[in-house]
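Protein chains in written order, with the working numbering: chain V, 1 to 321; chain G, 1001 to 1538.
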Amino acid sequence: MKARVSYILSKLLEFILTLLLVSLLTFAAFSIIPGDTASAILGPDATPEQLAILREKLGLNVPLYQRYLSWLGGAFTGNLGESTAFGVPVSELIASRLPVTLGLSAIALVIVIVIAYPSAILSSRKPGKTLDQVFSVFGHISFAIPQFVLSLIVILLCSTVFNYFQVGKYVEPSKDFLAYINCLLLPAFCVSVPKIAMTFKFLRASILAEKGSDYVRTSKSRGLSDIKIMFKHILPNSTVSVITALSVVLADLLGGSLVVEQVFNLPGLGRLLIQAISRRDFPLLSGIVFYLATMMVILYFVTDILISIVDPRIKMGEGGQ
Amino acid sequence: MHTFETFTNNILEIKDLSLNFKGNNPDTLILNHLSFSIREGEILGLIGNSGCGKSMTALSITGLLKSDAQIKSGSIIFNNQDLLKLNDKEKRAIRGKEIGMIFQEPYTALDPLMNIYHNLEEVLIEHETLSKTERHDLIVKMLDRVGFTNSEEILNRFPHELSGGQRQRVLIAGAALLKPKLLIADEPTSSLDTVTSCSIMKLIKSLCDELNMSVLFISHDLSTVGNFCDRVLVMRTGEIVDSGSSFDILFNPKDAYTADLLTKSKFDPKVLNLTFNTPDKDAEPVIKVSNLCAGYMDRKGFKRVYKNILEDISFNMLPGEVVGLIGSSGCGKTTLTRALSGLINPKSGTISTPAGRLAVVFQDPGTCLNPSYSVYWHLAEAIRAAKINMTKEELKAKATDTLVSVGLEPMHLDRYPSQLSGGQRQRVAIAMCLMLNPAIIIADEPLSSLDTTSGARILSILSSINREFNTSILLISHNLRIVKATTSRVLVMNEGKIVESGNTQDVLTNPQSDTTKELLDAEITLHKNFSTDRLAIE
Chain V
1 MKARVSYILS KLLEFILTLL LVSLLTFAAF SIIPGDTASA ILGPDATPEQ LAILREKLGL
61 NVPLYQRYLS WLGGAFTGNL GESTAFGVPV SELIASRLPV TLGLSAIALV IVIVIAYPSA
121 ILSSRKPGKT LDQVFSVFGH ISFAIPQFVL SLIVILLCST VFNYFQVGKY VEPSKDFLAY
181 INCLLLPAFC VSVPKIAMTF KFLRASILAE KGSDYVRTSK SRGLSDIKIM FKHILPNSTV
241 SVITALSVVL ADLLGGSLVV EQVFNLPGLG RLLIQAISRR DFPLLSGIVF YLATMMVILY
301 FVTDILISIV DPRIKMGEGG Q
Chain G
1001 MHTFETFTNN ILEIKDLSLN FKGNNPDTLI LNHLSFSIRE GEILGLIGNS GCGKSMTALS
1061 ITGLLKSDAQ IKSGSIIFNN QDLLKLNDKE KRAIRGKEIG MIFQEPYTAL DPLMNIYHNL
1121 EEVLIEHETL SKTERHDLIV KMLDRVGFTN SEEILNRFPH ELSGGQRQRV LIAGAALLKP
1181 KLLIADEPTS SLDTVTSCSI MKLIKSLCDE LNMSVLFISH DLSTVGNFCD RVLVMRTGEI
1241 VDSGSSFDIL FNPKDAYTAD LLTKSKFDPK VLNLTFNTPD KDAEPVIKVS NLCAGYMDRK
1301 GFKRVYKNIL EDISFNMLPG EVVGLIGSSG CGKTTLTRAL SGLINPKSGT ISTPAGRLAV
1361 VFQDPGTCLN PSYSVYWHLA EAIRAAKINM TKEELKAKAT DTLVSVGLEP MHLDRYPSQL
1421 SGGQRQRVAI AMCLMLNPAI IIADEPLSSL DTTSGARILS ILSSINREFN TSILLISHNL
1481 RIVKATTSRV LVMNEGKIVE SGNTQDVLTN PQSDTTKELL DAEITLHKNF STDRLAIE
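So, in structure tokens, the structure goes:
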């Protein structure tokens, strides 16, 4: 137990340091690129005097490290400055878009797991046989199909054939939770398709590798059935290596999907990012980038902890091998 | 030792068993009309080289054959029923309950994510309806029985926290939990050192007596059967070529093949033509190790601490000298190899090789070669890595010569590791060393994953390299017979220190340290009837 606590503490320390580094890099990137917020607001016709006045007002004249420190202080207290394009606080903007992106990610992750696991289990039963090949073909199609094509097909099917799902609408979760889920289901499916293929391929390979392992032979020699061995031994062991893949999937999902949000007309982070870039809204852009980076770091921290809980071999201080 | 009269009934009877792989030539059967029986309460040894079909025999009995293996004919009668005619469910009811099995690799045979209790519990859940407490008590009792003094504590440990010998004990406990009538032990000690092997063999034998269990003991090593098996079958290319009491097989082999195996597993220097150069005592040493200390960085909570493994190691080797290094698992042999070859930096002390290069042959040839490249690529890599300029033709000629000197053919240059046998791979590993004309070869347990015939071949090759190129060889092994047959001087290691060194004959006949005595005791117990005379001075 002591070992686990010290392992988690050391990971936490790593997490905080990474976060600081991320904030520094984000801030530096937006400070170094040519053109600042003042010139972005006033446009190309601004006079040097106007620029100077606005820079003074925005606090762009103070030394870089001071600006970084105040931005950092703000970042950790949720104050990321004000969006120049929308005129509202950046944190408010991001917060308003989060339900879409988080909901989309969560539903997509569930879809990935629910489809990838059974397919990988069925497919690895008899590798190379018909069922495996069918799954493999579906996997390749899912990988290859462009997301906007898939989205359009899905919209077409659902708006003409089945009329159950709402397309092109968004309902906030606080107003009607079921309607919120309903309008996220189809986009979540579209986002998840390539991830299903990736997770499936990874899991199938992992299951096949574990199937040939010695402890599986031991269990067979003790009379356990294939199904029991699959659920008791093979799946937990394959999941250890798949957790990392799933965390990559989730990290990707949390960044918002530029294409799918656009096609389904969802006010998510992906669309906000496009708007921030096209309007040269630096506070908003740095705010989104910082949020995304923070999400990744948190995710990897959680993944590390999760793996250390599942797999006793992960070195945990004195408990290590 | 049982007498033959003790065994009245056959517990298992194999009749006319033939097996082949799908797509194989139908004339070359993997098991060729095999017939034998195991009597109640006896330990039957099944001996043969790699690929002779001994594991296939075991898998046929347990019904664990892969789908590409097809039984062509025959029957396996166990408990008055033909195992080959049972359906999947009926076979599973027998596996683990009436036929237990243990395997070669204790390191990977337990589920790494489960603690020992859960690893063992599944066999009870599968075959019995017991309460949780009953299961717990039964497991603790069995762990006590297989020699653990802290069974309650072991239950909560994970496999990676146990040593190889402890894991094999756990696996034996698992196989014996339901007191099966037959235990199949497939090379249970091949990956363990002599001292551990000896205790595992004693354990199997005492369990066999206590539970009146029959054992099918599969091994490639004829020398271990003498003291442990009642009867021995010798297998070759899917057929039984010789059988008899272990005494008859060891001292009166009827078949020429058995006699050949016997000679080879004795590692008799004369028979294997193991003659070595006599080193010049006044020559400058090829390697000088003085006061070497080395180890690893380890984590302790937040702190990184240095874990010392080797302590104050000092020795020299003369040109052309063959030195043995013996000790049990975990004594620091492998760390020493890594330090000598520069894979880890010494903490203090010096290693100097004034005479030139040092090359290493590692234990497992299966994982030492890159499966995606040909033998030629491996040989050329040594030259590339050393940044030696050679034309393509020179390189090819050198590679061919080297390959021939380890007993392979020029055609093997284009083969891939998967197309070679274990012994051939080990010869490629030796050839890789030879490409750079090393002054010293460190051979770290080069025989431990090979069968007797391949092992004897490797020893002959090492001796011819020594004679021809005057290469010094440091032979690391836990097998005293090999060390005795090949080396003139021996170093004994324990807990990272050299505890004894001297002339091999002297050390092995008149051991001074406890470590050497323990190793010798284990060797004699393990190979009684076979090696007691061997270890005496001839």
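Where is the CB? At the ideal position from N, CA and C, for every residue including glycine.
None of the values given here were measured: they were computed from a predicted structure.
Have a look at residue i and residue j and give me their C-alpha separation to the nearest angstrom.
i	j	result
Pro1285/G	Leu1369/G	31 Å
Glu1445/G	Gln1424/G	16 Å
Asn182/V	Gln147/V	20 Å
Glu49/V	Leu284/V	25 Å
Ala1175/G	Leu1029/G	31 Å
Thr101/V	Phe189/V	13 Å
Phe282/V	Ile305/V	34 Å
Asn1466/G	Val1361/G	15 Å
Ile234/V	Asn1119/G	13 Å
Lys1497/G	Asp1016/G	54 Å
Glu1321/G	Ser1501/G	14 Å
Residues in the same chain with beta-carbon distance under 6 Å from residue i, minus the five sequence neighbours each way, listed in chain order, please.
i	result
Ala251/V	Met296, Leu299
Ser1190/G	Gln1104
Gly103/V	Leu184
Pro89/V	Glu82
Lys1254/G	Asp1242
Ala1382/G	Met1432, Met1435, Leu1436
Ile395/V	Look at the range of chain V in this structure, 1 to 321, and you will see that residue 395/V is not part of it.
Gly1063/G	Lys1091
His1527/G	Ser1223
Is there at least one non-hydrogen atom of the ligand PLP closer than 7 Å to the beta-carbon of residue i?
i	result
Ala120/V	In the structure shown, the ligand PLP is absent, as is every other ligand, since no ligand is present at all.
Could you tell me how far apart the beta carbons of residue i and residue j are, in whole angstroms, since I believe they sit closer than 8 Å?
i	j	result
Leu9/V	Thr294/V	Actually they do not touch by this definition, with Cβ atoms about 20 Å apart.
Leu1124/G	Arg1169/G	The Cβ separation is near 18 Å, so there is no contact.
Ser1246/G	Gly1045/G	7 Å
Arg1095/G	Ser221/V	6 Å
Quick check on residue i: buried or exposed, where buried means 16 or more other Cβ atoms within 10 Å of its Cβ?
i	result
Val5/V	exposed
Thr1129/G	exposed
His140/V	exposed
Gly1342/G	exposed
Tyr1373/G	exposed
Val1375/G	buried
Pro1026/G	exposed
Gly212/V	exposed
Gly168/V	exposed
Glu172/V	exposed
Val110/V	exposed
Thr84/V	buried
Tyr1296/G	exposed
Gln66/V	exposed
Gly1545/G	In the structure as shown, chain G begins at 1001 and stops at 1538. Residue 1545/G is therefore absent and cannot be evaluated.
Check whether the Cβ of residue i lies closer than 8 Å to any Cβ atom in chain V.
i	result
Thr1367/G	no
Phe1078/G	no
Leu1044/G	no
Arg1135/G	no
Phe1158/G	yes
Thr1142/G	Before going further, note that residue 1142/G is Met rather than Thr in the sequence given. No, its Cβ sits nowhere closer than 8 Å to a Cβ of chain V.
Asp1111/G	yes
His1412/G	no
Leu1216/G	no
Thr1129/G	no
Glu1122/G	yes
Arg1092/G	yes
Can you find a C-beta in chain G that's less than 8 Å from the C-beta of residue i?
i	result
Gln321/V	For Gln321/V, the pLDDT reaches just 33, beneath the cut-off of 50, and the residue's location in the model is therefore unreliable, although a value from the coordinates is still provided. Closer than 8 Å to some Cβ of chain G, the Cβ of Gln321/V qualifies, so yes.
Pro127/V	no
Thr218/V	yes
Arg4/V	no
Asp214/V	yes
His140/V	no
Lys232/V	yes
Tell me which same chain residues have a C-beta within less than 7 Å of the C-beta of residue i, skipping the five on either side of it?
i	result
Ile314/V	Ile307, Ser308
Ile41/V	Leu54, Thr84
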